[in-house]
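Written below as structure tokens is the structure these notes are about.
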Amino acid sequence: MIVTGAKAERAGKLVGALEAAGLTGEVFSVPGEPTLDDARCGSERAKSLGAEVVIGFGGGSAMDAGKAIAALARQPHDALHYLEVVGQGNALDEPPLPYIAVPTTAGTGAEVTRNAVLASPEKGVKASLRHVSMLPRIALVDPELAVGCPPVVTAASGMDALTQCLEAYVSCRAQPMTDALCVDGIRRASRSLEKAVQDGADLDAREDMALAAMYSGMALANAGLGAVHGFAAPIGGQFQAPHGAVCAILLAPVWAANWAVVNASGNDFQRERFRHAGELLTGRADARAEDVLPVLRGLSGRLQIPGLRSYGIQESDLADIAAKAAKASSMKGNPVSLSEETLVKILSEAM
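Residue 137 in the working numbering sits at position 137 of the sequence shown; the count goes up by one each step and never skips.
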């Protein structure tokens with residue numbers, strides 16, 4: 001089974017190559033960010049086909065959908081038996097079908113992670129299906145596959161990759177291995193994201209972003225994320241808001257809130273982390289932690305990232321989003337504890 005995004009025809013060359021090699025299969029298209037029902041439907045179809053391998057071909061949504069389908073196709077229970085937060089969160093009973101990830105965007109790094117994020121519209125939240133065996137058997141990361149990616153998608157997905165590198169770098173679970181990945185990922189994204197948006201055929205920029213996204217996935221899988229992705233779970237579950245764009249608009253206000261607490265704490269180790277992020281983003285050895293915010297705000301402005309209000313979010317929704325974000329699994333990696341009052345303030349600034 002080949003799992004794609006909304007435009008299944010983009011997998012035409014892949015289907016043709018498989019058929020030329022004597023391999024038969026079926027394309028299963030997921031129209032948007034995957035839901036629990038998409039995963040159920042896809043896994044049932046994989047079972048009925050007798051699928052032996054699942055290939056995810058597309059952006060982060062296709063990567064996660066394929067990963068979930070490959071996992072659930074082998075399980076004896078419903079998806080809620082295994083889903084975190086809104087389900088029972090049990091470990092998988094059986095190993096997934098072999099899964100091959102072929103990303104055509106550079107953002108989530110889902111090609112190298114062991115979880116699949118699924119939306120539950122009924123619960124108004126996104127949650128993860130997670131198990132070490134869900135790590136793709138093969139990740140084929142080819143920057144040329146992203147050449148046709150539209151600028152708006154390149155911008156949003158690229159900001160997600162940058163966000164993941166930054167959040168994993170300052171995470172309370174950061175460690176030397178993830179630091180190395182994040183440092184190189186931040187450097188690559190900061191120098192090449194705008195280039196990739198302006199000229200989609202710039203293969204050097206596309207390669208930088210492909211590596212930054214892959215590094216961000218490896219880093220988050222081992223160091224966790226933070227409040228930006230904590231917010232993204234309930235927002236993506238309740239509203240038709242692209243994940244990357246949500247991360248992009250929240251990154252600066254979350255960074256400001258975290259830095260305020262870190263700076264007041266007197267924790268020199270964390271302070272240096274935030275300062276070094278400024279050095280990585282600006283390329284200046286004399287950069288300060290305060291230099292990060294103008295860079296992030298300027299980047300979002302130049303990339304024309306819309307505010308949360310453009311996705312139908314109202315002030316009356318903020319308290320509920322903040323309460324759900326506080327319980328999100330991604331929040332566990334945030335470098336400091338943020339009150340719900342602070343979370344509401346962050347959302348207000350991102351409107």
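Backbone N, C-alpha and C fix where the C-beta goes; we use that ideal spot for every residue, glycine too.
Item to check | Cβ neighbours of ALA70 in the same chain (closer than 6 Å, five flanking residues each side left out) | outcome: VAL54, PRO96, LEU97 and TYR99
Checklist entry - Should ALA155 be counted as a contact of the ligand MN given a C-beta to heavy atom distance under 7 Å? => result Ligands are entirely absent from the displayed structure, and the ligand MN is therefore not among its contents.
Next on the checklist: Residues in the same chain with beta-carbon distance under 8 Å from ALA285, minus the five sequence neighbours each way, listed in chain order, please.
Outcome noted: GLU279
Checklist entry - Quick one: what does DSSP say ARG130 is sitting in, helix, strand or coil? => result strand
Item to check | Spatially closest choice to ALA73 from HIS229, CYS41 and SER61, by CA coordinates | outcome: CYS41
Item to check | With 16 other Cβ atoms within 10 Å as the buried cut-off, status of MET177 | outcome: exposed
Item to check | DSSP state of GLY58 mapped onto helix, strand, coil | outcome: strand
Checklist entry - DSSP state of HIS99, grouped into three classes? => result Checking the sequence shown, residue 99 turns out to be Tyr, not His. In the structure shown, TYR99 sits in a strand (DSSP, three-state: E or B).
Checklist entry - Taking DSSP as the reference, what is the three-state secondary structure of PHE239? => result coil
Item to check | Straight-line gap, MET351 to ILE249 (C-alpha atoms, nearest Å) | outcome: 9 Å
Next on the checklist: Using the Cβ count rule (16 or more neighbours within 10 Å means buried), how would you classify ALA233?
Outcome noted: buried
Item to check | Assigned secondary structure, SER48 (DSSP; H/G/I helix, E/B strand, else coil) | outcome: helix
Checklist entry - When the Cα atoms are used, what is the spatial distance from THR154 to SER192? => result 11 Å
Checklist entry - Skipping 5 residues on each side, what residues in its chain have a beta carbon closer than 8 Å to that of ALA201? => result VAL147
Next on the checklist: Spatial neighbours of SER216 within its chain, please: C-beta separation below 6 Å, excluding the five flanking residues on both sides.
Outcome noted: GLY109, ALA161, GLN164, CYS165 and GLY185
Item to check | Separation of GLN88 from SER128, as counted between CA atoms | outcome: 11 Å
Checklist entry - In terms of residue numbering, what span does the alpha helix (DSSP H) encompassing SER192 cover? => result 176 to 198
Item to check | Nearest candidate by alpha-carbon position, reference ALA65, set SER339, THR4 and SER316 | outcome: THR4
Next on the checklist: Here's the rule I'm using: 16 or more other beta-carbon atoms within 10 Å means buried, otherwise exposed. How should ARG288 be labelled?
Outcome noted: exposed
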